[in-house]
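Counting from 1, one number per residue, gives the positions in the sequence shown under the UniProt record's numbering.
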Amino acid sequence: MSNVIEELTRQNAEQRELLNALSETWRNDCARQYQETIEAVRSTAREQVDFNVQGYLDEFSKALAQEVRMLLGEVGKLREERRALQHEMGYLLCMKGKYGAGGEFEPDWYEPPPGAPGGPPLDPGPPQPPPDLPQAKPGWRTVTRRPAPRKAKKNLEGRGGASRA
């Protein structure tokens with residue numbers, strides 16, 4: 001029995017060595033394939049167009065800055081137009097105040113002109129002329145126009161043409 005145990009122990013040791021060798025070769029093989037894959041990816045990545053994120057960001061920033069400058073210019077222009085319109089409206093209201101009722105050029109004590117609200121009525125104008133009499137007929141004889149001569153319609157049936165139904 002001790003012979004069998006020694007034999008089994010020896011076989012066990014051999015199998016353990018085989019398993020260790022097999023696992024070691026598998027690890028080496030996997031590491032080699034991993035390195036080959038990484039090298040292949042790196043070589044193809046160098047061949048492809050570089051993806052430069054910073055370059056794209058710079059280009060986008062320049063385009064965006066240009067758009068923002070243009071929009072700010074338009075906003076400034078609109079602000080100036082609004083300011084000019086407000087100034088013009090203020091000037092017109094000032095003129096209305098000066099020339100309107102109770103203003104500098106037409107004080108409250110001033111009597112409004114005839115026909116204006118609160119003023120005397122308008123004077124009736126000159127009397128209307130009598131309506132025109134109908135025009136007399138001329139002394140010459142009247143001439144009636146003769147109708148224009150009509151062209152005679154041609155008979156298409158007599159010439160062998162298709163008859164109309």
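For each residue, glycine too, the CB sits at the ideal point set by N, CA and C.
Query: Got a sec, what are the start and stop residues for the alpha helix (DSSP H) L57 sits in?; Result: 53-99
Query: Just the C-alpha distance for R79 and G73, rounded to the nearest angstrom, thanks.; Result: 10 Å
Query: Is residue 172 helix, strand or coil by DSSP?; Result: As shown, the chain starts at 1 and ends at 165. That puts residue 172 outside it, with no answer to give.
Query: Is T37 helix, strand or coil when you go by DSSP?; Result: helix
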